[in-house]
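Colleague: Have a look at the structure that comes next, please.
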Amino acid sequence: MPAAVSPRPRAAGWRSLLLLALASASLPAAAQSMACGTYKDSNGNTTLTLESEGHGFLSGPYQATEELRIARQEDVLGTGNLSTGQLENWYFSDNDRTISTPYREFTREHAAACKTMPQPVEGGCVMNTSECLEALPEAAPVKLHAWCAEGVGAACMRLLETYQQQAKDAAPGKEEPPIPEICREELPSFDAEGCMTAAKEIASEMMGKALLGLQHSVDAPLPPAQLDELIDLCRVQQGETFCADTAETLWSSGRLQEARDALQRSCAQRADAPACGPAKDLAVLASAPAAALTPVPAAALPCGSFEAERSVLSQLRFLEGGVVEAGGREQPLRASLRDGRILIHRDIGSDFVLQLLQNGNLVGIDSGNRFAYYERKPAAGTTRCTP
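Here our numbering is used: the first residue of the sequence shown is 3, the next is one more, and so on.
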(Lines of atoms letter the chains of each structure in order from A and count residues from 1; the text may use other names and numbers.)
(Lines give C-alpha, C1' and ligand atoms only; values in the text may rest on other atoms or scores of the structure.)
Protein backbone atom coordinates (compact mmCIF):
# COMPACT_ATOMS: atom_id res chain seq x y z
CA MET A 1 0.00 0.00 0.00
CA PRO A 2 1.49 3.40 -0.90
CA ALA A 3 2.16 5.84 1.89
CA ALA A 4 -0.92 7.94 2.46
CA VAL A 5 -0.12 10.38 5.25
CA SER A 6 1.96 13.31 4.16
CA PRO A 7 3.74 15.87 6.36
CA ARG A 8 0.95 18.39 5.91
CA PRO A 9 0.21 21.22 8.37
CA ARG A 10 -1.31 20.20 11.68
CA ALA A 11 -4.77 20.93 10.39
CA ALA A 12 -4.50 17.56 8.66
CA GLY A 13 -7.25 15.64 10.40
CA TRP A 14 -7.42 12.15 11.74
CA ARG A 15 -8.99 10.91 8.50
CA SER A 16 -5.51 10.99 7.03
CA LEU A 17 -4.75 8.42 9.69
CA LEU A 18 -7.53 6.22 8.35
CA LEU A 19 -5.72 6.00 5.04
CA LEU A 20 -2.53 5.08 6.81
CA ALA A 21 -4.59 2.43 8.63
CA LEU A 22 -1.91 2.13 11.26
CA ALA A 23 -0.49 -0.89 9.47
CA SER A 24 3.21 -0.22 9.72
CA ALA A 25 4.12 -3.48 8.06
CA SER A 26 2.64 -2.21 4.81
CA LEU A 27 4.78 0.92 4.68
CA PRO A 28 8.21 1.20 3.06
CA ALA A 29 11.05 0.40 5.45
CA ALA A 30 12.32 3.98 5.43
CA ALA A 31 8.90 5.23 6.45
CA GLN A 32 8.78 2.90 9.44
CA SER A 33 11.90 4.12 11.24
CA MET A 34 10.52 4.83 14.69
CA ALA A 35 12.38 7.07 17.14
CA CYS A 36 11.91 4.72 20.08
CA GLY A 37 12.53 5.86 23.63
CA THR A 38 10.84 7.95 26.30
CA TYR A 39 9.48 11.48 25.93
CA LYS A 40 8.24 13.81 28.67
CA ASP A 41 5.59 16.48 28.39
CA SER A 42 6.33 20.07 29.41
CA ASN A 43 4.66 19.63 32.82
CA GLY A 44 6.66 16.52 33.58
CA ASN A 45 3.54 14.59 34.54
CA THR A 46 3.11 12.37 31.48
CA THR A 47 5.61 10.07 29.81
CA LEU A 48 5.22 8.93 26.21
CA THR A 49 7.06 5.69 25.54
CA LEU A 50 7.58 4.52 21.97
CA GLU A 51 8.65 0.92 22.47
CA SER A 52 8.42 -0.57 18.98
CA GLU A 53 7.58 0.29 15.39
CA GLY A 54 3.90 -0.20 16.13
CA HIS A 55 3.38 0.15 19.88
CA GLY A 56 3.67 2.82 22.55
CA PHE A 57 1.95 4.04 25.67
CA LEU A 58 1.24 7.11 27.78
CA SER A 59 1.80 6.84 31.52
CA GLY A 60 2.10 9.00 34.60
CA PRO A 61 1.50 9.10 38.35
CA TYR A 62 -1.89 10.76 37.96
CA GLN A 63 -3.41 8.82 35.06
CA ALA A 64 -4.18 5.32 33.94
CA THR A 65 -1.74 3.95 31.36
CA GLU A 66 -3.02 4.41 27.80
CA GLU A 67 -1.95 1.91 25.15
CA LEU A 68 -1.13 3.28 21.69
CA ARG A 69 -0.98 1.72 18.25
CA ILE A 70 1.43 3.82 16.20
CA ALA A 71 2.79 4.11 12.66
CA ARG A 72 5.19 6.62 11.19
CA GLN A 73 5.64 8.14 7.75
CA GLU A 74 8.32 10.78 7.48
CA ASP A 75 7.56 13.25 10.31
CA VAL A 76 3.95 12.22 10.83
CA LEU A 77 3.18 9.84 13.69
CA GLY A 78 -0.25 8.27 13.31
CA THR A 79 -1.66 7.24 16.70
CA GLY A 80 -4.64 5.15 17.68
CA ASN A 81 -5.30 5.26 21.42
CA LEU A 82 -6.54 1.77 22.29
CA SER A 83 -7.59 2.95 25.75
CA THR A 84 -9.67 5.98 24.77
CA GLY A 85 -10.53 5.25 21.13
CA GLN A 86 -9.01 8.54 19.94
CA LEU A 87 -7.31 8.79 16.54
CA GLU A 88 -4.76 11.56 15.97
CA ASN A 89 -1.77 12.56 13.90
CA TRP A 90 1.24 13.74 15.88
CA TYR A 91 4.41 15.30 14.46
CA PHE A 92 8.15 14.75 14.92
CA SER A 93 10.51 17.73 14.77
CA ASP A 94 14.01 18.79 15.85
CA ASN A 95 15.59 15.55 14.60
CA ASP A 96 13.02 13.45 16.45
CA ARG A 97 13.71 15.13 19.78
CA THR A 98 10.24 16.67 19.91
CA ILE A 99 6.77 15.22 19.31
CA SER A 100 3.89 17.69 19.00
CA THR A 101 0.28 16.70 19.61
CA PRO A 102 -2.86 18.85 19.32
CA TYR A 103 -2.74 19.51 23.07
CA ARG A 104 0.86 19.32 24.27
CA GLU A 105 4.48 18.79 23.35
CA PHE A 106 6.79 15.94 24.34
CA THR A 107 10.58 16.20 24.53
CA ARG A 108 12.80 13.13 24.31
CA GLU A 109 14.44 12.05 27.56
CA HIS A 110 16.10 8.81 26.52
CA ALA A 111 16.54 7.15 23.15
CA ALA A 112 16.19 3.38 23.05
CA ALA A 113 16.34 0.52 20.60
CA CYS A 114 12.93 -0.52 19.32
CA LYS A 115 11.66 -3.80 20.69
CA THR A 116 10.15 -6.63 18.71
CA MET A 117 6.53 -6.98 19.74
CA PRO A 118 4.15 -9.93 19.22
CA GLN A 119 2.09 -9.70 16.05
CA PRO A 120 -1.51 -8.54 16.60
CA VAL A 121 -4.38 -10.97 16.16
CA GLU A 122 -5.06 -11.44 12.46
CA GLY A 123 -8.18 -9.49 11.52
CA GLY A 124 -8.52 -8.09 15.03
CA CYS A 125 -8.92 -4.56 16.27
CA VAL A 126 -5.22 -3.90 16.87
CA MET A 127 -4.36 -5.11 13.37
CA ASN A 128 -6.92 -2.72 11.87
CA THR A 129 -6.80 0.03 14.46
CA SER A 130 -8.23 3.01 12.63
CA GLU A 131 -11.18 1.14 11.12
CA CYS A 132 -11.87 -0.54 14.46
CA LEU A 133 -11.77 2.61 16.58
CA GLU A 134 -13.94 4.46 14.10
CA ALA A 135 -16.50 1.63 14.30
CA LEU A 136 -16.61 1.52 18.13
CA PRO A 137 -19.65 3.78 18.68
CA GLU A 138 -21.96 1.57 16.60
CA ALA A 139 -20.35 -1.84 17.14
CA ALA A 140 -22.50 -4.71 18.41
CA PRO A 141 -21.77 -6.15 21.88
CA VAL A 142 -20.40 -9.41 20.43
CA LYS A 143 -17.82 -7.45 18.43
CA LEU A 144 -16.99 -5.21 21.37
CA HIS A 145 -16.49 -8.30 23.54
CA ALA A 146 -13.98 -9.75 21.05
CA TRP A 147 -12.05 -6.49 20.81
CA CYS A 148 -12.06 -6.08 24.58
CA ALA A 149 -10.70 -9.61 25.05
CA GLU A 150 -7.97 -8.64 22.57
CA GLY A 151 -6.86 -5.91 24.98
CA VAL A 152 -8.54 -2.84 23.48
CA GLY A 153 -9.63 -0.89 26.54
CA ALA A 154 -11.83 1.48 24.55
CA ALA A 155 -13.88 -1.51 23.37
CA CYS A 156 -14.28 -2.68 26.97
CA MET A 157 -15.54 0.72 28.02
CA ARG A 158 -17.91 0.92 25.08
CA LEU A 159 -19.32 -2.52 25.91
CA LEU A 160 -19.94 -1.45 29.51
CA GLU A 161 -21.57 1.79 28.36
CA THR A 162 -23.79 -0.16 25.95
CA TYR A 163 -24.99 -2.49 28.70
CA GLN A 164 -25.59 0.43 31.06
CA GLN A 165 -27.65 2.26 28.46
CA GLN A 166 -29.68 -0.89 27.76
CA ALA A 167 -30.39 -1.25 31.49
CA LYS A 168 -31.34 2.40 31.76
CA ASP A 169 -33.70 2.15 28.79
CA ALA A 170 -35.34 -0.96 30.26
CA ALA A 171 -35.80 0.55 33.73
CA PRO A 172 -39.24 1.87 34.67
CA GLY A 173 -39.66 5.53 33.89
CA LYS A 174 -39.89 8.13 36.61
CA GLU A 175 -43.35 8.77 37.97
CA GLU A 176 -45.07 11.76 36.46
CA PRO A 177 -46.31 14.38 38.94
CA PRO A 178 -50.05 14.07 39.69
CA ILE A 179 -52.36 16.23 37.61
CA PRO A 180 -53.75 19.10 39.72
CA GLU A 181 -57.54 19.13 40.00
CA ILE A 182 -57.52 22.56 38.39
CA CYS A 183 -56.17 20.89 35.22
CA ARG A 184 -58.71 18.05 35.00
CA GLU A 185 -61.31 19.06 32.46
CA GLU A 186 -63.90 16.61 33.80
CA LEU A 187 -64.00 18.35 37.18
CA PRO A 188 -65.92 21.53 38.03
CA SER A 189 -62.69 23.02 39.41
CA PHE A 190 -61.06 23.07 35.96
CA ASP A 191 -59.51 26.44 35.09
CA ALA A 192 -57.40 26.70 31.94
CA GLU A 193 -55.52 29.81 33.04
CA GLY A 194 -54.95 28.48 36.55
CA CYS A 195 -53.82 25.15 35.10
CA MET A 196 -51.18 26.89 32.99
CA THR A 197 -49.87 28.68 36.09
CA ALA A 198 -49.75 25.41 38.05
CA ALA A 199 -47.97 23.64 35.18
CA LYS A 200 -45.30 26.34 35.07
CA GLU A 201 -44.74 26.02 38.82
CA ILE A 202 -44.40 22.23 38.61
CA ALA A 203 -42.03 22.46 35.64
CA SER A 204 -39.94 25.07 37.45
CA GLU A 205 -39.72 22.85 40.54
CA MET A 206 -38.70 19.80 38.50
CA MET A 207 -36.05 21.78 36.63
CA GLY A 208 -34.71 23.21 39.88
CA LYS A 209 -34.37 19.75 41.39
CA ALA A 210 -32.56 18.51 38.29
CA LEU A 211 -30.15 21.45 38.28
CA LEU A 212 -29.41 21.21 42.00
CA GLY A 213 -29.12 17.42 41.95
CA LEU A 214 -31.93 16.85 44.41
CA GLN A 215 -32.95 13.59 42.76
CA HIS A 216 -31.12 10.47 43.94
CA SER A 217 -28.80 8.90 41.39
CA VAL A 218 -28.60 5.10 41.34
CA ASP A 219 -27.49 3.12 38.31
CA ALA A 220 -29.93 0.57 36.93
CA PRO A 221 -28.71 -2.99 37.72
CA LEU A 222 -27.41 -5.13 34.87
CA PRO A 223 -28.61 -8.69 34.17
CA PRO A 224 -26.49 -11.39 35.89
CA ALA A 225 -25.17 -12.74 32.57
CA GLN A 226 -23.80 -9.34 31.60
CA LEU A 227 -22.24 -8.88 35.03
CA ASP A 228 -20.53 -12.26 34.71
CA GLU A 229 -19.25 -11.26 31.28
CA LEU A 230 -17.78 -8.01 32.63
CA ILE A 231 -16.13 -9.86 35.52
CA ASP A 232 -14.45 -12.28 33.10
CA LEU A 233 -13.28 -9.46 30.83
CA CYS A 234 -11.82 -7.54 33.77
CA ARG A 235 -9.83 -10.63 34.73
CA VAL A 236 -8.49 -10.93 31.18
CA GLN A 237 -8.05 -7.28 30.24
CA GLN A 238 -6.81 -6.02 33.64
CA GLY A 239 -7.42 -2.40 32.62
CA GLU A 240 -7.34 0.14 35.43
CA THR A 241 -10.26 2.23 34.19
CA PHE A 242 -12.39 -0.64 32.92
CA CYS A 243 -12.04 -2.70 36.09
CA ALA A 244 -12.80 0.35 38.25
CA ASP A 245 -15.96 1.12 36.27
CA THR A 246 -16.92 -2.55 36.30
CA ALA A 247 -16.56 -2.47 40.09
CA GLU A 248 -19.02 0.43 40.27
CA THR A 249 -21.55 -1.50 38.20
CA LEU A 250 -21.10 -4.67 40.27
CA TRP A 251 -21.55 -2.70 43.49
CA SER A 252 -24.73 -1.02 42.29
CA SER A 253 -26.02 -4.45 41.25
CA GLY A 254 -25.40 -5.98 44.68
CA ARG A 255 -22.31 -8.04 43.78
CA LEU A 256 -20.19 -6.59 46.58
CA GLN A 257 -17.35 -9.10 46.89
CA GLU A 258 -16.85 -9.26 43.14
CA ALA A 259 -16.87 -5.46 43.06
CA ARG A 260 -13.97 -5.43 45.52
CA ASP A 261 -12.11 -8.00 43.40
CA ALA A 262 -12.45 -5.68 40.40
CA LEU A 263 -11.20 -2.75 42.50
CA GLN A 264 -8.14 -4.77 43.46
CA ARG A 265 -7.40 -5.55 39.80
CA SER A 266 -7.70 -1.87 38.97
CA CYS A 267 -5.39 -0.96 41.84
CA ALA A 268 -2.82 -3.55 40.74
CA GLN A 269 -2.14 -1.53 37.58
CA ARG A 270 -0.93 1.57 39.47
CA ALA A 271 -0.15 2.11 43.13
CA ASP A 272 -1.94 5.46 43.29
CA ALA A 273 -5.01 4.42 41.31
CA PRO A 274 -8.31 5.79 42.70
CA ALA A 275 -9.51 2.21 43.21
CA CYS A 276 -6.79 1.45 45.77
CA GLY A 277 -8.47 3.34 48.62
CA PRO A 278 -11.87 1.63 48.49
CA ALA A 279 -10.23 -1.73 47.72
CA LYS A 280 -8.28 -1.48 50.99
CA ASP A 281 -11.22 -0.20 53.03
CA LEU A 282 -13.47 -3.02 51.82
CA ALA A 283 -11.11 -5.78 52.98
CA VAL A 284 -13.75 -6.71 55.57
CA LEU A 285 -15.91 -8.08 52.76
CA ALA A 286 -13.42 -10.84 51.97
CA SER A 287 -14.21 -12.75 55.17
CA ALA A 288 -17.97 -12.22 55.10
CA PRO A 289 -20.21 -15.09 53.93
CA ALA A 290 -21.65 -14.27 50.53
CA ALA A 291 -25.19 -14.83 51.78
CA ALA A 292 -24.70 -12.20 54.50
CA LEU A 293 -23.98 -9.57 51.84
CA THR A 294 -27.14 -10.25 49.86
CA PRO A 295 -29.22 -7.08 49.35
CA VAL A 296 -32.69 -7.25 50.92
CA PRO A 297 -35.53 -4.72 50.79
CA ALA A 298 -35.86 -2.57 53.88
CA ALA A 299 -39.31 -2.74 55.47
CA ALA A 300 -38.53 0.01 57.99
CA LEU A 301 -35.90 2.64 58.63
CA PRO A 302 -32.83 1.43 60.55
CA CYS A 303 -32.34 2.28 64.20
CA GLY A 304 -29.02 2.94 65.90
CA SER A 305 -25.47 3.73 64.80
CA PHE A 306 -23.56 2.66 61.70
CA GLU A 307 -19.98 3.41 60.64
CA ALA A 308 -18.12 3.14 57.34
CA GLU A 309 -14.36 3.24 56.72
CA ARG A 310 -14.63 5.56 53.73
CA SER A 311 -17.64 7.70 53.00
CA VAL A 312 -18.81 11.28 52.76
CA LEU A 313 -21.01 10.23 55.70
CA SER A 314 -18.75 7.94 57.71
CA GLN A 315 -20.96 7.91 60.82
CA LEU A 316 -24.74 7.62 60.81
CA ARG A 317 -27.09 7.50 63.78
CA PHE A 318 -30.73 6.79 62.99
CA LEU A 319 -33.16 8.22 65.55
CA GLU A 320 -36.92 8.42 65.92
CA GLY A 321 -39.10 9.89 63.22
CA GLY A 322 -36.56 9.42 60.42
CA VAL A 323 -34.03 11.82 61.95
CA VAL A 324 -30.41 10.98 61.10
CA GLU A 325 -27.36 12.39 62.83
CA ALA A 326 -24.33 12.36 60.54
CA GLY A 327 -20.82 12.78 61.89
CA GLY A 328 -19.36 16.18 61.08
CA ARG A 329 -22.72 17.80 60.31
CA GLU A 330 -24.33 20.23 62.71
CA GLN A 331 -27.85 19.88 61.36
CA PRO A 332 -29.57 16.48 61.37
CA LEU A 333 -30.75 14.93 58.13
CA ARG A 334 -34.02 13.20 57.31
CA ALA A 335 -34.46 9.66 56.06
CA SER A 336 -37.31 7.93 54.26
CA LEU A 337 -38.06 4.61 52.58
CA ARG A 338 -38.59 4.23 48.87
CA ASP A 339 -38.80 0.96 46.94
CA GLY A 340 -37.13 -0.93 49.79
CA ARG A 341 -34.18 1.45 49.96
CA ILE A 342 -33.25 4.06 52.55
CA LEU A 343 -32.95 7.62 51.28
CA ILE A 344 -31.15 10.27 53.31
CA HIS A 345 -32.19 13.71 52.13
CA ARG A 346 -30.17 16.90 52.18
CA ASP A 347 -30.98 20.48 51.30
CA ILE A 348 -28.60 20.74 48.36
CA GLY A 349 -27.32 17.80 46.35
CA SER A 350 -28.71 14.41 45.49
CA ASP A 351 -30.12 12.04 48.08
CA PHE A 352 -27.85 9.45 49.67
CA VAL A 353 -29.23 5.99 48.91
CA LEU A 354 -28.54 3.05 51.22
CA GLN A 355 -29.24 -0.62 50.61
CA LEU A 356 -29.94 -2.98 53.51
CA LEU A 357 -28.02 -6.28 53.55
CA GLN A 358 -28.95 -9.67 54.96
CA ASN A 359 -26.51 -9.20 57.85
CA GLY A 360 -28.17 -5.94 58.92
CA ASN A 361 -25.41 -3.69 57.61
CA LEU A 362 -25.88 -1.01 54.95
CA VAL A 363 -24.11 -0.04 51.73
CA GLY A 364 -24.16 3.24 49.84
CA ILE A 365 -25.25 2.71 46.25
CA ASP A 366 -25.74 6.23 44.93
CA SER A 367 -23.03 7.77 42.75
CA GLY A 368 -21.90 10.14 45.52
CA ASN A 369 -21.49 7.51 48.24
CA ARG A 370 -20.59 4.36 46.35
CA PHE A 371 -18.35 1.76 48.05
CA ALA A 372 -19.44 2.86 51.53
CA TYR A 373 -20.01 -0.22 53.71
CA TYR A 374 -21.73 0.65 56.98
CA GLU A 375 -21.38 -1.78 59.88
CA ARG A 376 -23.91 -1.65 62.68
CA LYS A 377 -22.37 -0.64 66.00
CA PRO A 378 -23.51 -2.11 69.34
CA ALA A 379 -26.04 0.14 71.02
CA ALA A 380 -25.12 1.79 74.30
CA GLY A 381 -28.18 0.92 76.37
CA THR A 382 -31.60 0.47 74.85
CA THR A 383 -32.10 2.16 71.52
CA ARG A 384 -35.67 2.47 70.31
CA CYS A 385 -36.90 4.19 67.19
CA THR A 386 -40.35 4.82 65.80
CA PRO A 387 -41.15 5.99 62.27
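By construction, the Cβ of each residue, glycine as well, lies at the ideal position given by its N, Cα and C atoms.
It should be emphasised that the depicted structure is a prediction, and the values quoted were computed from it without experimental measurement.
Taking only runs of the alpha helix (DSSP H) that begin and end inside the stretch 247-322, which ones reach a length of at least 4 residues, in chain order?
Modeller: With a minimum length of 4 residues, the continuous alpha helix (DSSP H) runs that stay inside the stretch 247-322 are 258-270 and 278-283.
Colleague: Would I72 be called buried (16 or more neighbouring beta carbons within 10 Å of its own) or exposed?
Modeller: By the neighbour-count rule (16 or more Cβ atoms within 10 Å), I72 is buried.
Colleague: So, for G311: in the same chain, excluding its five sequence neighbours on each side, which residues have a beta-carbon less than 6 Å away from its beta-carbon?
Modeller: It should be noted that the sequence gives Glu, not Gly, for residue 311. So the list reads D283, once near-sequence residues are dropped.
Colleague: Does the Cβ of S8 have 16 or more other Cβ atoms within 10 Å, making it buried, or fewer, making it exposed?
Modeller: Its pLDDT being 32, under 50, S8 is placed unreliably by the model, and the measurement read from it follows with that caveat. Exposed: under 16 other Cβ atoms inside 10 Å.
Colleague: From the DSSP output, which residues share a beta bridge with G330?
Modeller: G330 pairs with nothing; no bridge assigned.
Colleague: Alpha carbon to alpha carbon, how far is Y105 from Q222? Give it in angstroms, no decimals.
Modeller: Here the sequence assigns Ala to residue 222, which means Gln is not the residue at that position. If you take the alpha carbons of A222 and Y105, they lie about 36 Å apart.
Colleague: Take the Cβ of M36 as the centre, count every other Cβ of all protein chains shown within 10 Å, and call the residue buried at 16 or more, exposed below.
Modeller: M36 comes out buried.
Colleague: Put T189 into one of helix, strand or coil per three-state DSSP.
Modeller: Correcting the residue identity first, residue 189 is Leu in this sequence and not Thr. It is coil, neither helix nor strand.
Colleague: Taking 8 Å as the cut-off, decide whether the C-beta atoms of T199 and A156 are in contact.
Modeller: Taking 8 Å as the Cβ cut-off, T199 and A156 do not qualify as a contacting pair.
Colleague: Here's the rule: buried if 16 or more other CB atoms are within 10 angstroms of the residue's CB, otherwise exposed. What is L400?
Modeller: Here the chain comprises residues numbered 3 to 389, so residue 400 is not present and cannot be evaluated.
Colleague: Look at Q228 and Y165 and say whether their C-beta atoms are less than 8 Å apart.
Modeller: Yes, the pair counts as a contact, with Cβ atoms nearer than the cut-off.
Colleague: Are the CB atoms of I344 and L335 nearer to each other than 8 Å?
Modeller: Cβ distance not < 8 Å, so I344 and L335 don't count as in contact.
Colleague: Nearest to Q88 by CA position, among G241, T103 and R99, is which residue?
Modeller: It is T103.
Colleague: Taking the C-alpha atoms as reference points, what is the distance between S132 and P122?
Modeller: Rounded to the nearest angstrom, the two C-alpha atoms are 14 Å apart.
Colleague: Between A294 and the rest of its own chain, which residues show a CB-CB distance below 6 Å, the 5 nearest in sequence each way excluded?
Modeller: The residues are Q360 and N361.
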